[in-house]
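What follows is a short report on a single structure.
In my numbering, the protein residues as written are 218 to 629.
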C-alpha cells in the first residue's frame, strides 16, 4: 500500500505541469464564475482594498496565467538542460505559496481579512519560482536560457509594484504592475510561440511543409516590443505606443504568414496555437486603430487576454497533457475541437462583436463569460483525469514524449 501511495504521489508531482495545470484550470473556471457573478449578476463582494477590475486583472494574470507558465517552464527545463531535477520539496513549496496566495486574496472579498497576507504569499511565490527556473540555467551555465527567468523576475517585480500601489506607496503602482505583467506574459507567449509553433506545425501536418522564420523579423520584434512596453507601461505615451503597436501588428502578421499552411485547419492542436498567436497580432492592430478611430481600448486588451493568453494556454496545456500521459498528440480526443471552438467563439464575442454593436454590450460580455467557463469546464472534465492519473503506458509514452520534446526544444 505504501508503494502504491508513493507512486501516486510521484505521478501528480512529475512532471511539474500536472499540479500547476490542474490548479490553473480550476482557477480559470473559478475566477470567471466569480467575475460573472459580480459583474453580470451584481453579487455583492467586498472590494475594499482594490477596485474590482484590478482584482480581476490581477488574479487572471498572477493567478491563472502564471500557474500555466510555471507548469510549462518547470517541465521543459529537463529537455534543454539535460538535467532531471528532483526537487519535490521546492515544487511543494511553490504550490503551497500559490494556493495560500489565492485563498487569502479570495477571502478579502467576503471577510475583513487584510490583502497583505495574500500579498506576502503571492510575492514569495514569484520570487521562489524565479530562482527555481534560474537554477538549471546556473547549473548548466546555459545563459541563453536565462531570458525566461528574466521574464519571471520582471513579473515578480511587477507584482511588488502592484501591491505597493494597493498600499498607497506608489500612486501608479497598480497600473504599472498590471500592465507590466500583462505585456511580459504576452512576451513569453510571443517568444515561446516563435520557437515552438513552427515545429509543431511541421511535425503535425501529414505532408512536407517547412514554416519560415526570418531573422530580420525576429530582431524587429524584440526592438519594437521593448519600445512598446516602456511607452505603454511607464511613459504612458498613447500616441507613440499605438504607432509602435501598429508596427508590431505588421511584424507578427508577417511571422504568421511564414508559418501558415491550409493543413492546420484539420488539426485542432495546431490551429488553436496559430489562432491564439493571431489574436496577439489583432490586439496590437486594435491598439493602433484606437488612436485613429472610435474603437476603445478594451477590445485590444481582451484580444491579448481572452484570445491570445486564453487560447494559447489552453492549447499548450492540452498538448503537454496528451504528450506526457502516454497519449498521441496527433490524435487528440475529438472533443478538443469543440473546446477550442467554444473559446474562439468567446474571443470573437468579447473582442469583435462589441465594436460592431455596443447597444447590447452587457449581453456580449455575459455571453463571452459563459463561453469561457464552458470551454474550461469541458477541458477540466476531459483533461484533469489525465493529469491526475498515471500515464496510460506506464511511462513509455512519456519517455517518448521526453525524447521528442528534447529534440524539438534543441531545435529552437
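A virtual CB, placed ideally from N, CA and C, is assigned to each residue, including glycine.
Residue nearest to residue i in terms of C-alpha spacing, selected from the options
| i | options | result |
| --- | --- | --- |
| residue 411 | 435, 482 and 563 | 435 |
| residue 483 | 319, 307 and 553 | 553 |
| residue 270 | 338, 439, 248 and 287 | 248 |
| residue 535 | 597, 591 and 519 | 597 |
| residue 308 | 479, 342, 381 and 321 | 342 |
| residue 493 | 322, 538 and 527 | 527 |
| residue 440 | 464, 453, 451 and 258 | 464 |
| residue 506 | 457, 476, 491 and 525 | 457 |
| residue 495 | 609, 329 and 475 | 475 |
| residue 322 | 310, 273 and 563 | 273 |
| residue 573 | 595, 372 and 512 | 512 |
| residue 408 | 364, 502, 325 and 268 | 364 |
| residue 246 | 333, 320, 281 and 607 | 281 |
| residue 455 | 508, 433 and 319 | 508 |
| residue 396 | 447, 358 and 256 | 447 |
| residue 357 | 296, 256 and 337 | 296 |
| residue 569 | 362, 514 and 305 | 514 |
Residues near residue i in its chain [Cβ-Cβ closer than 7 Å; skip 5 each side]
| i | result |
| --- | --- |
| residue 370 | 347 |
| residue 578 | 571 |
| residue 220 | Because the pLDDT at residue 220 is just 40, under 50, the model does not fix this residue reliably, and the value given afterwards should be weighed accordingly. Here the set comprises nothing. |
| residue 284 | 237, 240, 241, 244 and 315 |
| residue 254 | 260 |
| residue 368 | 401, 404 and 405 |
| residue 445 | 458, 461, 462 and 465 |
| residue 478 | 418, 422 and 426 |
Assigned exposure category for residue i - 16 Cβ within 10 Å defines buried
| i | result |
| --- | --- |
| residue 427 | exposed |
| residue 586 | buried |
| residue 488 | buried |
| residue 548 | exposed |
| residue 516 | buried |
| residue 575 | exposed |
| residue 376 | buried |
| residue 414 | buried |
| residue 645 | With the chain represented from 218 up to 629, any question about residue 645 goes unanswered, as that position is not in the structure. |
| residue 234 | buried |
| residue 391 | buried |
| residue 443 | exposed |
| residue 350 | buried |
| residue 432 | exposed |
| residue 504 | buried |
| residue 360 | exposed |
8 Å Cβ shell around residue i - same chain, five flanking residues per side excluded
| i | result |
| --- | --- |
| residue 566 | 581, 584, 585 and 588 |
| residue 327 | 262 and 263 |
| residue 222 | Its pLDDT being 44, under 50, residue 222 is placed unreliably in this model, and the coordinates cannot settle the point. |
| residue 320 | 335 |
| residue 594 | 246 |
| residue 562 | 588 |
Residue j beta carbon less than 9 Å from that of residue i
| i | j | result |
| --- | --- | --- |
| residue 312 | residue 236 | yes |
| residue 291 | residue 388 | no |
| residue 394 | residue 385 | no |
| residue 480 | residue 417 | no |
| residue 449 | residue 462 | yes |
| residue 279 | residue 339 | yes |
| residue 538 | residue 491 | no |
| residue 542 | residue 486 | no |
| residue 500 | residue 525 | yes |
| residue 519 | residue 379 | no |
| residue 521 | residue 324 | no |
| residue 420 | residue 472 | no |
| residue 373 | residue 344 | yes |
| residue 332 | residue 266 | yes |
| residue 288 | residue 317 | no |
| residue 590 | residue 355 | no |
Nonlocal neighbours in the same chain, by C-beta distance under 6 Å from residue i, ignoring five residues either side
| i | result |
| --- | --- |
| residue 609 | 543 |
| residue 470 | 498 |
| residue 523 | 564 and 567 |
| residue 258 | none |
| residue 530 | 285 |
| residue 592 | 556, 559 and 560 |
| residue 502 | 466 |
C-beta neighbour in chain C for residue i, strict 9 Å
| i | result |
| --- | --- |
| residue 425 | Absent from the structure: chain C. Only one protein chain is present. |
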